[in-house]
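K.L.:
Taken in order, the sequence shown gives residues 1 to 599; the numbers are from full-length UniProt numbering.
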Amino acid sequence: MSRSLLLWFLLFLLLLPPLPVLLADPGAPTPVNPCCYYPCQHQGICVRFGLDRYQCDCTRTGYSGPNCTIPGLWTWLRNSLRPSPSFTHFLLTHGRWFWEFVNATFIREMLMRLVLTVRSNLIPSPPTYNSAHDYISWESFSNVSYYTRILPSVPKDCPTPMGTKGKKQLPDAQLLARRFLLRRKFIPDPQGTNLMFAFFAQHFTHQFFKTSGKMGPGFTKALGHGVDLGHIYGDNLERQYQLRLFKDGKLKYQVLDGEMYPPSVEEAPVLMHYPRGIPPQSQMAVGQEVFGLLPGLMLYATLWLREHNRVCDLLKAEHPTWGDEQLFQTTRLILIGETIKIVIEEYVQQLSGYFLQLKFDPELLFGVQFQYRNRIAMEFNHLYHWHPLMPDSFKVGSQEYSYEQFLFNTSMLVDYGVEALVDAFSRQIAGRIGGGRNMDHHILHVAVDVIRESREMRLQPFNEYRKRFGMKPYTSFQELVGEKEMAAELEELYGDIDALEFYPGLLLEKCHPNSIFGESMIEIGAPFSLKGLLGNPICSPEYWKPSTFGGEVGFNIVKTATLKKLVCLNTKTCPYVSFRVPDASQDDGPAVERPSTEL
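(1) Indicate whether the contact test is met: 3 or more Cβ pairs, each with one atom in the segment 369-385 and one in the segment 501-515, closer than 8 Å.
(2) Have a look at the DSSP bridge pairing and note the partners of MET439.
(3) Distance check for HIS442 and PHE370, CA to CA, integer angstroms please.
(4) Could you spell out the range, first to last residue, of the alpha helix (DSSP H) harbouring ARG375?
(5) What are the partner residues of PHE219, as DSSP defines its beta bridges?
(6) Which runs of the alpha helix (DSSP H) spanning at least 4 residues fall entirely within the segment 101-160, listed in chain order?
(7) Going by C-alpha to C-alpha distance, which of HIS206, ASN438, PHE219 and GLY50 sits closest to CYS511?
(8) For HIS308, count neighbouring C-beta atoms within 10 Å of its own C-beta (all shown protein chains included) and say buried if the count is 16 or more, exposed if not.
(9) Quick one: grab the DSSP three-state call for HIS42.
(10) Keeping to the same chain, check which residues put their C-beta closer than 7 Å to that of THR330; ignore five residues upstream and five downstream.
(11) In the DSSP assignment, what are the bridge partners of LEU256?
(12) If you run the structure through DSSP and keep just helix, strand and coil, what is VAL396?
(13) Using a 10 Å radius around the Cβ and a threshold of 16 neighbouring Cβ atoms, would you call residue 601 buried or exposed?
(14) Note the first and the last residue of the continuous beta strand (DSSP E) segment covering CYS56.
(15) On a CA-only basis, which of ARG60, ASP52, LYS221 and ALA201 is nearest ASP157? Give me that one, please.
(16) Whole angstroms is fine: what's the gap from ARG184's alpha carbon to LYS359's?
(17) Count Cβ pairs between the segment 339-348 and the segment 487-495 that sit closer than 8 Å; are there 3 or more?
(18) In the DSSP assignment, find the unbroken alpha helix (DSSP H) run with TRP386 in it and report its ends.
(19) My assumption, with CB atoms under 8 Å, is that PHE425 sits in contact with ASN130. Please give the rounded CB distance.
(20) Give me, in chain order, the residues of the same chain whose beta-carbon lies closer than 7 Å to that of SER402; leave out the 5 immediate sequence neighbours on both sides.
(21) Would you list, in sequence order, the uninterrupted beta strand (DSSP E) runs of no fewer than 3 residues that lie entirely inside the segment 45-99?
(22) Hey, would you say ASP496 sits closer than 7 Å to LYS165, going by beta carbons?
(23) If the criterion is Cβ atoms closer than 7 Å, does the pair LEU389 and GLY436 meet it?
(24) Would a C-beta distance cut-off of 7 Å place LYS395 and GLN350 closer than the cut-off?
(25) Are the beta-carbon atoms belonging to LEU251 and LEU305 less than 7 Å from one another?
(26) Mind checking which residues open and close the alpha helix (DSSP H) that includes GLY230?
(27) Are the segment 281-295 and the segment 262-272 touching, with three or more C-beta to C-beta distances below 8 Å?
(28) From GLY258 to ASP235, what does the alpha carbon distance come to, in whole angstroms?
(29) Among the residues of its own chain, which have a CB less than 6 Å from the CB of ARG375, if the five just before and after it don't count?
(30) Starting from ARG468, follow the alpha helix (DSSP H) in both directions and report where the run begins and ends.
(31) Since TYR54 contacts ARG60 with CB under 8 Å, what's their CB separation in whole angstroms?
(32) Quick check: the Cα distance between ALA561 and ALA526, rounded to an integer number of angstroms?
(33) Enumerate in chain order the residues of its own chain whose CB-to-CB distance from PRO295 is below 6 Å, with the five nearest sequence positions on each side excluded.
(34) Does DSSP classify MET284 as helix, strand or coil?
(35) Return the bridge partner residues of LEU533 from the DSSP annotation.
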């Protein structure tokens, strides 16, 4: 009986009309994407489920818990023993006598290995995200046309542009730049960095920062993603062939006033960006199409051209049976090695202000896990817009040039000669990068473009990047900038420190004492830089050997390269050359005559 009743009851339920679909009350608030709150800490990955649920993937972060906030034993111990970035910077920039002792012992190599591994491990390899994919995808890994991303974009459905914090509308980019970045009075770099450094930075980075105007800001034309010297040889084979002489491995050149310079566009018909009205015979042809913009960029293009052809002569003498192609390709590898050596031991050394003497030695990493591959990140590109380095005007000899006179000046390099420009740029101090209000009005538009691009690409807030690179987030604008007036203005515009954008945060952060910029620029920029340099194939165990560079002669050129050698082995006289302005006690005498080696 009971069984029969049960069957009738089930049949009754089946015959009932279906329940109506209940529509949400139009006035009810839409659930906020939980990932807009950035709940997952310590590099945990936020995965959304349904409308208002999420899960943090804490795999291999060293943390557990719903939001990856509970450290494991070893993680807790490591964090307890790890000094803060500010304390580490203080140690490395004080106690010169102690560091002189360290630099003379094996401890230097131990510390250098530690610096390289700790910094490089902060950069994901293989790459993770790009502007089109905020999740792990094959496209993010395989398509090298994209810049990679360290953090995914701010979700599109967040309540505010920066997630959930701050105002519904970000402040006008032009207003931001004029109020906080525009120079009132030139602020020199307290570390003594000069224009020779500033032009090197611009020349060097333009081989891998080449945003595609055709594809959009998330894409790059520099498909080598690192130090490949595409700014010397071109970023594609067609351009390279137009620049090559196809004899003894050399590049094309022209001789003016007895000196070697890049060829004209008439002799090497490649696309160069010059203003209309400048005839082809006055346009110099080099690997990077924009280097005609500044005499400082064409100065470095000339030096590396001379160095390439000089090394070709040395290799030809060592290997008379080698053909043009092998001489060219081996010389290119040697110049890549020279570049990395100069960047680490002189360029990064000057930037850091450390008393620890940095060392380029790929063998330091041969015993540790390391991937010899690199992908340029969009955040690295934005970070590297160091236009506050540029002065109010440019001094060469007794002359002072305004921006209008300096930009696209096609005669200055030949009129003065390489030596005079090197000497002048080495003696003129550059501007301080950090701290704000130090960008000349002629180039302020660059900062505006970076801010607008970061919004189009939906970069996460500045504080999220601080956390990603192991720093504590700032709790107030005053803590960020170190003074009340600017902090109050920023508070008014952004509403919340957690809504501050990436690039403004980097440039407005208070500087370390007597330093060129603040903590975040170092802690975020250094990992990108060192991973890119040491991740170059020539630093791998398979490449780092004499035979790669044509024998001991070529290998020694790499291992002994300096900025001074780059200049003085390719000029008739040896001017003052450094990435730092001379001290008052340094010799200010005339350049030393020496035999020419550039031809």
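All C-beta atoms in this analysis are idealised placements derived from N, C-alpha and C, irrespective of residue type, glycine included. Being a predicted model, the structure only gives us computed values, none of them experimental.
P.N.:
Taking the structure as given:
(1) Touching, yes.
(2) Residue pairing by DSSP places MET439 opposite LEU182 in a beta bridge.
(3) For PHE370 and HIS442, the gap between their C-alpha atoms comes out near 42 Å.
(4) Looking at the DSSP string, ARG375 is not in any alpha helix (DSSP H), and its letter there is neither H nor E.
(5) As DSSP reads the structure, PHE219 sits in a beta bridge with TYR146.
(6) Listed in chain order, the complete alpha helix (DSSP H) runs (minimum 4 residues) inside the segment 101-160 are 107-120 and 138-142.
(7) That would be ASN438, whose Cα lies nearest to the Cα of CYS511.
(8) Residue environment for HIS308: buried (at least 16 other C-beta atoms within 10 angstroms of its C-beta).
(9) Residue state for HIS42 is assigned as coil, using DSSP reduced to three classes.
(10) LEU315, PHE549, GLY550 and GLY554.
(11) Residue pairing by DSSP puts LEU256 in a beta bridge opposite GLU259.
(12) Reduced to three states, the DSSP call for VAL396 is strand.
(13) Past the edges of the chain, shown from 1 to 599, lies residue 601, and the structure says nothing about it.
(14) Counting along the chain, the beta strand (DSSP E) containing CYS56 begins and ends at 53-57.
(15) Here the closest residue by C-alpha is ASP52.
(16) Approximately 38 Å, taken between the alpha carbons.
(17) Contact fails: fewer than three Cβ-Cβ distances are below 8 Å.
(18) Here TRP386 belongs to no alpha helix (DSSP H), and DSSP marks it neither H nor E.
(19) With 8 Å as the limit, PHE425 and ASN130 do not qualify as a contact, their Cβ atoms being about 37 Å apart.
(20) Correct list, in chain order: SER393.
(21) 45-49 and 53-57, all fully within the segment 45-99.
(22) In this structure, the beta-carbon distance from ASP496 to LYS165 falls below 7 Å.
(23) Contact annotation: LEU389 and GLY436 have beta-carbon atoms that are not nearer than 7 Å.
(24) No.
(25) Contact flag set, yes.
(26) 230-233 is the span of the alpha helix (DSSP H), which, as asked, contains GLY230.
(27) Segment contact: the segment 281-295 against the segment 262-272, three or more CB-CB distances shorter than 8 Å; contact assigned.
(28) Distance between the alpha carbons of GLY258 and ASP235: 30 Å.
(29) If we look at ARG375 and ignore the five residues flanking it on each side, its Cβ neighbours are PRO127, THR148 and HIS225.
(30) In this chain, the alpha helix (DSSP H) harbouring ARG468 covers 462-468.
(31) Contact doesn't hold; Cβ gap of about 19 Å is too wide.
(32) Between the alpha carbons of ALA561 and ALA526 lies a distance of about 22 Å.
(33) These residues qualify, in order along the chain: ASN409, MET412 and LEU413.
(34) MET284: strand per DSSP, three-state reduction.
(35) Residue pairing of LEU533 in beta bridges, as defined by DSSP: absent, with no partner found.
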